[in-house]
Amino acid sequence: MIHYVIRRMLLAIPTLLLMLTVIFVLVRLVPGDPAITILGDQASEDALQRLRAQLGLDQPIYVQYFDFVMRTLSGDFGRSMATGRTVLQEVAAVLPYTIELTASALLIGAIIGVPLGTTAAIYRNLWPDYASRLVSLIGLSFPAFVSGILMLLAFAVNLRWFPVIGSGGSGLEAHLRALVLPALNLGLIMTAYITRVTRASMLNVLNEDYIRTARAKGVRPNRLIRRHALRNALIPVITVVGLYFGTLVGNSVLTEMVFSRPGLGKLILGALNSRDYTLLQGLMVTFASFVILVNTVTDIAYGLVDPRVKYS
Amino acid sequence: MTIATSSPRRQSAFWMAFRSNRLAWLGVALLAIIVFSAVFAPWIAPHDPLQQNILHRLQPPSSEFLLGTDTYGRDVLSRLIYGSRVSLVVGFVAILIAMVVGSAIGILSGFIGGVFDRVVMSLLDVMLSFPTLLLGLMIAAMLGASFENLIIAIAITEMAPFARVARAPTISLKQRDFIEAGRAMGFSDSRLMGRHILPNMLSEVVVVGSMWMASAIRTEASLSFIGLGVPPPTPTWGGMIREGFENILDSWWLAVCPSVAILLTVLALNILGDALRDAIDPKTRVE
């Protein structure tokens, strides 16, 4: 067991190195001289030289690469050129907003998606199945900013139930009111994903022999679904939700933009607009590490939940 | 020497499954309308999509401007019709590139095997789990906003699934007798991969392509909304929403019309992708 956990964690290291290499190459692919891009073509040669030295661009490429990897592995993700703060400081400042948003979205997705997917699987090819499939297909088709704008129009502009802009005033109540629409927006997209996965996984489990045996033994349908089928069906759902984590983060960027909330999305767009390439590179590294971490944890959780996964 | 892509019997089972899927026809019909309006845009559009007219700015829908006008007095309906061209062309070309490059990587990786295969696959795993939008956003930001760069950015983000789909059958195919026979006859590796392995998985790759085109169009719209799409004044749906969003409080139609257009296009492609997958995979087929 311990071996499995350690092995899985060791496996993350080459993946991380690969990802760092890709980011390194990607950043070097930017056409033109980064120093000129940053300072503009009016900058003096002196200033350009200083910036190149500061960014390490005057070093041979393999030195730059080695330096980049070593610094990242020691936890130094670089600094924002605009504010001078480290990337991790910048991220830490907005992370609570994004976590609050994505966590509530996951919660909404699980609360609605699991029962909906289960119902669809039980009534396979009957109207509840068709209805839930159509609804989840529509949910999957919404780019997050489109659904966000439509919700904003309906509930904030027309009905005036929620504030149109930002995290809205002070106090817990105002804070929560401002969270409702963005969380619902992300949550409904998440619901669509979770419904689909739960349905597919449940269909697989319901075809298993032990379900037929349990039914033959006279286990009540309710108990059969809850105790026997759903518990096993949820295992792949956990993995897939882990895989959709990236999509969730991507959609939260668009959601934050529409509802003008602070968060990682705003941070990225800010870095983009001010051409803060060091911050952008640092954010890429942060995201990549985070995604690899979530994948590793999901895999380990999968192993813990399902004893059938071989630890060897 | 090539094995037939699929036997006639399998083909007809595929068509029967696809034809009997009523939802699929809704997708086909929707998509047909969108493609039609993209192809014949100059003949259908009631106005010039770029023609500005300050006297007609921000007009609500009327009989002359069916979907109203934007901040510059341009006709929203005409821009919507022309905007379908960008979405479809970017989505299609990006997926085509992702399909060609991705399946080439997959076949190569499966064919060579060993350490190379393991390295490539773990890289693709990371790419698969990395947020598509963020990756696209960063690539587009690094390359700069233009039509070609947008296509490149989306193609890179959508490559991984194709590599995966192409790799699995390659591994089982390369052990089959007909590949061994080809090798004995002195065929080069590239000929074996291109002429003998590729045709055997083409249908799967194409189905995956249809499924991911929806995602590509969604990404295109999202990047345009962020401001990294095809630069103005070219009408794009994401860009129209971006502009319309500024006037959301008094001119709602500016953001809502392109929103509906994106939603319907992605929905049509998703329905179609689902139907194709169900038709090709008997396990999920509705009996």
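Protein chains in written order, with full-length UniProt numbering: chain A, 1 to 312; chain B, 1 to 287. All residues carry an ideal CB built from backbone N, CA and C; glycine is no exception.
Rounded to the nearest angstrom, the gap between the Cα atoms of residue 105 of chain A and residue 60 of chain A is 46 Å. The C-beta of residue 213 of chain A has fewer than 16 other C-beta atoms within 10 Å across all chains shown, which makes the residue exposed.
Within chain B, the residues placing a beta-carbon under 8 Å from that of residue 150 of chain A are 256, 259, ordered along the chain. Taking a Cβ-Cβ cut-off of 7 Å, the neighbours of residue 284 of chain A in chain B comprise 138, given in sequence order. For residue 162 of chain B, the enclosing alpha helix (DSSP H) begins and ends at 159-173.
The beta carbon of residue 232 of chain A is closer than 6 Å to those of 205 in its chain, skipping five residues each way along the sequence. By the C-beta criterion, the stretch 216-228 of chain B is judged to be in contact with the stretch 84-103 of chain B, since at least 3 inter-stretch pairs fall below 8 Å.
The three-state reading of DSSP puts residue 250 of chain B in coil, since its state is none of H, G, I, E or B. Taken through DSSP and simplified to helix, strand or coil, residue 278 of chain B comes out as helix. The beta carbon of residue 163 of chain B sits closer than 6 Å to those of 102, 105, 106, 124, all from its chain and outside the five residues before and after it, given in chain order. Inside the stretch 25-82 of chain B, DSSP marks whole alpha helix (DSSP H) runs of 4 or more residues at positions 41-44, from first to last along the chain.
Boundaries of the alpha helix (DSSP H) around residue 177 of chain A: 172-206. According to the DSSP assignment, residue 3 of chain A belongs to the alpha helix (DSSP H) that extends over 2-28. In this structure, the beta-carbon distance from residue 257 of chain A to residue 225 of chain B falls below 9 Å. If you check the CB distance, residue 193 of chain B and residue 273 of chain B do not come in under 9 Å. Looking at the DSSP output, residue 79 of chain A sits in a beta bridge with A:86. In the three-state reduction of the DSSP assignment, residue 59 of chain A falls in the coil class, being assigned neither a helical nor a strand state. Taken in chain order, the complete alpha helix (DSSP H) segments of 4 or more residues contained in the stretch 99-157 of chain A are 127-141, 144-151. Between residue 251 of chain B and residue 75 of chain B, the C-beta gap is not smaller than 9 Å, which leaves the two residues out of contact.
Assigned with DSSP and collapsed to three states, residue 121 of chain B falls in helix. Under the criterion of beta carbons closer than 8 Å, residue 254 of chain A and residue 87 of chain A do not qualify as touching, at roughly 22 Å. Less than 9 Å divides the Cβ of residue 116 of chain B from the Cβ of residue 109 of chain B.
Neighbours of residue 88 of chain B in chain A, taken as residues whose beta carbon is under 7 Å from its own, are absent, since the nearest beta carbon is some 16 Å off. For the pair of segments examined, the stretch 180-197 of chain B was found not to touch the stretch 140-152 of chain B: the number of CB pairs separated by less than 8 Å stays below three. When the Cα atoms are used, residue 227 of chain A and residue 273 of chain A turn out to be separated by approximately 52 Å. Taking 8 Å as the upper bound for CB-CB distance, residue 248 of chain B and residue 157 of chain A are in contact here, some 7 Å apart. Taken through DSSP and simplified to helix, strand or coil, residue 183 of chain B comes out as helix. The C-alpha of residue 219 of chain A lies about 37 Å from the C-alpha of residue 271 of chain B. No Cβ of chain A is located within less than 9 Å of the beta carbon of residue 163 of chain B.
Taking 9 Å as the CB threshold, residue 216 of chain B stays off the interface with chain A. For residue 288 of chain A, the chain B residues whose C-beta falls within less than 8 Å of its own C-beta are 126, 130, listed in chain order.
The stretch 112-129 of chain A and the stretch 291-299 of chain A do not touch, with fewer than 3 CB-CB distances between them shorter than 8 Å.
Sequence-distant partners of residue 48 of chain A (beyond 5 residues in either direction) whose C-beta falls short of 8 Å from its own C-beta, in its chain, are 33, 35, 36, 39. A contact is defined here as three or more CB-CB pairs under 8 Å, and the stretch 177-190 of chain A meets this definition with respect to the stretch 90-109 of chain A. A distance below 6 Å between beta-carbons, with the five flanking residues on each side excluded, links residue 236 of chain A to the following residues of its chain, in chain order: 201.
It is roughly 21 Å from the alpha-carbon of residue 211 of chain A to the alpha-carbon of residue 195 of chain A.
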